[in-house]
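Residue numbers (our numbering), protein chains in the order written: chain A, 1 to 339; chain B, 340 to 678; chain C, 679 to 1017; chain D, 1018 to 1356. A virtual CB, placed ideally from N, CA and C, is assigned to each residue, including glycine. Structure, as structure tokens:
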């Protein structure tokens, strides 16, 4: 044996789960102990994830055994009870599902359509927007990995909220690649329906809105967010275009300075000199932010990530790295893939 | 001879020009008299536009001769002098370039980097957002065809402006297919650079912003517009997501009613029950609008068009139809192409 | 009433059915009498086909009533019994499904997994590769519309077969857009699975192979065909790359002459000077063919179509036009859409 | 210092060069000493390759200094003279350009339009199709990295050639993503021209044909190859569909066994149970092969790679690993990226 931590991935047949396995397979301090998927016991992982054939792994139906870390990539409602059992068994649990993102059980009930399965665990969960949560993450045993839209949006907005600059309600117009809809998506997600097309969705209310508002409130800006997500015809990539009313009129240089102050030393958040294309982040844990003045006391802040990277599996591993005291970039330091 | 009007297309080697020729070739009252492109005299149109091979046309370098109608698809600055000569010769001129869109010569100079070539013509130009300009179009000899972004944005916003409901500055977050950049686009527009990617651009100011503001002012709403255009990885299609502060709090039904009142009898503008995908309009002159309340006195209005259809060539022909007293849908009534 | 023929489209909720409705809506001699889809009685067509919203049609569950023409876009096995009833009622039936493509009931049984539902009708069916079947089509009451792959392949190969030049077995390596898989395709056809990917399929035998062999045999070349279809990441478009051993060594000019002799006067089949891109045909009934010598007595012949145009709905209307004595290009003469 | 080898990448502003830098940045035994691009001295690499911004590298105009390894990603004709100087200076040279692929200077002259710049070096170059060249690679100082099409084709065909089974001329119908055309591609490679389109090209003869024939001859099959490359609308990915006449009639199981015998122990070549999608290999050095019987003594063999991975940068590093005695998978072991 190695000295590596033993890791399980639960929900390994989906897109986020597959990305976790891909990244973990190259992590220098990790041994993949087991990969789990419902009703597929004994099936080769390559049947669900042909690109992972080189790893030679086999799926397990059932819960992880003795592991040091468990990543849960499950539908909401399904991870909380399992997390409870894994925590009891001593594992670090990183939930990339939604069960622990909203701190308030009532908010969970209102947005997810039922009572929280394990409300007592909510206070223990650390909301893992890594760059703004390191102190808590170092002590964490249960990490709520942020949603993809909140990750991009809060990376853009948190520096402004912390500086007390957010003077008004915020608009987030977000564009996501289709993989955000998951592998179980239906006939509306056929290639033929989506190629060469862009549309907005969830105008009646998307579960990531209260998560963004919670994050802004934590950073000192208790404002409403108008959140309109869109699907764009690409597999990966997410761009949040955030419209801000500011308490001070900042020019382009001042906006940039604010972002550089916040992220200049960060390994994964880069202040770009031009509006970042989502492709810059594809396949990676990197994020690119950029801000411009659009009028008196107004600014637009852009944030580009890979929804499966920094928006899901990448950040989950980043959070594990912090929680276990590893080099924060271990296994996820690679730049994006282009073209 | 037929009784058909004789039509010239100038700039037939580009994307908008090619779309004009495609649509005009099926117009029951049109004879394509000549198709023009610089430095390509005598070259088969199919060399520049292989999909138009079935038409058997040949390009001409030089100005149109005796024609009833001339469509100009030229870079800004190039169409105005030609328009002057064609008007003198008695032709109806539909300029799908930018020379006559801004009514104010100073605004033109500020946004297009030089004095207007034919300022005396500006008062004669009718801004051809057809649905809101029919009376003027019936008398028009010079039509300024709106830009693609203004077309989508103003279809969404004009009903609110006319009703005196626009209480605040407006945000337009727009997403366009790549054909909006034209055929002369450079290395940043290679397939490899743009596939699987979304980005914002022209944050420092896009020429379509003053055009949208001019259109809103004409409709009674003298407000500022924050305009952020994006490129999405598709060839055609444009979605304008418009964020509005309203003077009255309207619920979803009232928002819908307002749009239905404005467009219920229109052949080309459809109030859709769900957020419209741009693909719904591909290849057509149809537009789809939809509105939702996003908070107290706030709404989002969506508008989807084909940037080369209602956003360029389709609307140009619609404007010709009105100006010449043809059936407004002649040659452009076909629905979009799916999938 | 008009003087127009009354037409029904059965299977109007699918891709080929939707394309039929789109094209028929612009046909000068057609009135769309009814559009049919199972279990959707009374539902707006726009619910299944949002791009057809401008037509304002409503779906019917049930068989067409008194109509002059019925287009059947149904799964194999479903159209034959309906065709029988419609023929009895006096309609012209154009089946764009597979039930009447193979002339031999045993071959049908072998390839389609069961006995033919209406074997007595087989001798009455005219195989509608229009350019090579006009004489029969003029008398036809039942048209078997060719499959998409056979259409492209046989347009490429028939001139060689008729000239007695096919000296050897033929290889057809075909590439199709995803719409060929239909709207009912499952999870393997999600955008995320197919974008940025190409693959072969049906290596064990595809039903279009015997259809291509039947067509070649009719044209005088009783050879075997190796047929390997591929999916390429685009919605529409089909390219057949055909590898031929010839009984005579023909140079490029002679190959081109052979194609020009066959198709020089055709309105829909164009001999192109360069390898045709499938996009040239998108949205249209046009086909583009091109041939090159690849070695002694060897040639490659390329054929590009829109699988939903000349490969399905377009050719179906072309066949109706011939059968009813209309102008062959009526309603389908438009060139392709680019870009 | 580390004990790592010092590596230079020449031509780092292109696609293959960028991929080399991306992969080398994660190689445990490599230090990137310098990255070179003409006329860009002192420019941040991120200006040419925004996705590589996290690496913080700066471009150099000029030749590598003291390095252990130089990767050359240059146009043909440009790498040979530089290779000569680098070899003299003691570096291992891996040329991912074309200068050393054809062993015969006359063949080079015929296909590349001019005399070979350094014919004396040709005998020293090892053709680096790694799986079939390890013994030579271990002694190599100059590696000719195979072209993308030859890599895929020869992985498919070599086992048959070595077994003496190739009885006839071979047809390779290949489909490549657009990145194969490079970053300098012109207006025909705009997104708008290529999306939703597939086409063949270079029918008059492609430089990779003699390279495939040379590889087959080395493996014992001196046959002609008909090679027809196609562009498919995706950025990365290459599929070679190879049609073979065999000296023995092999069933599917025997075909599979042959491939498993050849590649069963290989870390990068996988015998798949179904026709492999190119996406399986995206971003990786993995290749997937599959064979099926298509008739008596006939077979089709499929081979899917990432043209920039196993088809260029990945294999180049694999070759370096072998030449320097590193673990062959070092830095390139990661599976592909999906979706």
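With a CB to CB cut of under 7 angstroms and the five nearest residues on each side skipped, what residues in its chain are close to residue i?
{"i": "residue 1104(D)", "result": "1110, 1158, 1159"}
{"i": "residue 293(A)", "result": "250, 251, 252, 255, 299"}
{"i": "residue 340(B)", "result": "Confidence in residue 340(B) is poor, its pLDDT being 42 and thus under 50, which makes the residue's placement unreliable; the coordinate value appears in the next sentence. Same-chain partners within the cutoff: there are none."}
{"i": "residue 1096(D)", "result": "1089, 1112, 1114, 1116"}
{"i": "residue 646(C)", "result": "For residue 646(C) there is no data in the structure shown, the boundaries of chain C being 679 and 1017."}
{"i": "residue 693(C)", "result": "857, 860, 861, 986"}
With respect to the beta strand (DSSP E) encompassing residue i, which residues constitute its N-terminal and C-terminal limits?
{"i": "residue 568(B)", "result": "564 to 570"}
{"i": "residue 92(A)", "result": "92 to 95"}
{"i": "residue 1142(D)", "result": "1142 to 1144"}
{"i": "residue 441(B)", "result": "Note, residue 441(B): premise wrong, no beta strand (DSSP E); not H, not E."}
Would residue i be called buried (16 or more neighbouring beta carbons within 10 Å of its own) or exposed?
{"i": "residue 1005(C)", "result": "exposed"}
{"i": "residue 763(C)", "result": "exposed"}
{"i": "residue 1221(D)", "result": "exposed"}
{"i": "residue 1098(D)", "result": "exposed"}
{"i": "residue 39(A)", "result": "exposed"}
{"i": "residue 1163(D)", "result": "buried"}
{"i": "residue 635(B)", "result": "exposed"}
{"i": "residue 1191(D)", "result": "buried"}
{"i": "residue 1215(D)", "result": "buried"}
{"i": "residue 719(C)", "result": "exposed"}
{"i": "residue 1170(D)", "result": "buried"}
{"i": "residue 495(B)", "result": "buried"}
{"i": "residue 110(A)", "result": "exposed"}
The alpha helix (DSSP H) spanning residue i covers which residue range?
{"i": "residue 354(A)", "result": "Nothing about residue 354(A) can be read from this structure; chain A reaches only from 1 to 339."}
{"i": "residue 490(B)", "result": "487 to 501"}
{"i": "residue 351(A)", "result": "Missing from the structure shown is residue 351(A); chain A here goes from 1 to 339 and no further."}
{"i": "residue 105(A)", "result": "105 to 112"}
{"i": "residue 142(A)", "result": "Unbroken run through residue 142(A) is the beta strand (DSSP E), 142 to 144; no alpha helix (DSSP H)."}
{"i": "residue 1099(D)", "result": "1096 to 1105"}
{"i": "residue 118(A)", "result": "From DSSP, residue 118(A) is part of no alpha helix (DSSP H); its letter is neither H nor E."}
Sorted by chain position, which residues of the same chain lie with C-beta nearer than 6 angstroms to residue i's C-beta, five sequence neighbours on each side aside?
{"i": "residue 1039(D)", "result": "none"}
{"i": "residue 13(A)", "result": "37, 48"}
{"i": "residue 1236(D)", "result": "1175, 1178, 1179"}
{"i": "residue 9(A)", "result": "17, 20, 21, 35, 71"}
{"i": "residue 1153(D)", "result": "1143"}
{"i": "residue 384(B)", "result": "374, 391, 396, 398"}
{"i": "residue 810(C)", "result": "836"}
Tell me which same chain residues have a C-beta within less than 8 angstroms of the C-beta of residue i, skipping the five on either side of it?
{"i": "residue 1016(C)", "result": "957, 958, 960"}
DSSP beta-bridge partners for residue i?
{"i": "residue 6(A)", "result": "31(A)"}
{"i": "residue 749(C)", "result": "687(C), 772(C)"}
{"i": "residue 919(C)", "result": "851(C), 980(C)"}
{"i": "residue 1075(D)", "result": "1061(D)"}
{"i": "residue 1287(D)", "result": "1305(D)"}
Against chain F, does residue i count as a neighbour if the rule is that its beta carbon must be under 9 angstroms from one of theirs?
{"i": "residue 81(A)", "result": "Within the model displayed, chain F is absent; protein chains A, B, C and D are what it includes."}
- Task: Could you pull out every unbroken alpha helix (DSSP H) segment of at least 4 residues lying fully inside the stretch 686 to 727 of chain C, listed in chain order?
- Result: 693 to 702, 723 to 726
- Task: Output the residue ranges of the beta strand (DSSP E) runs that lie fully inside the stretch 611 to 660 of chain B and measure 3 residues or longer, sorted by chain position.
- Result: 626 to 634, 637 to 644
- Which whole runs of the beta strand (DSSP E) in the stretch 513 to 553 of chain B are 3 residues long or more, in chain order? none
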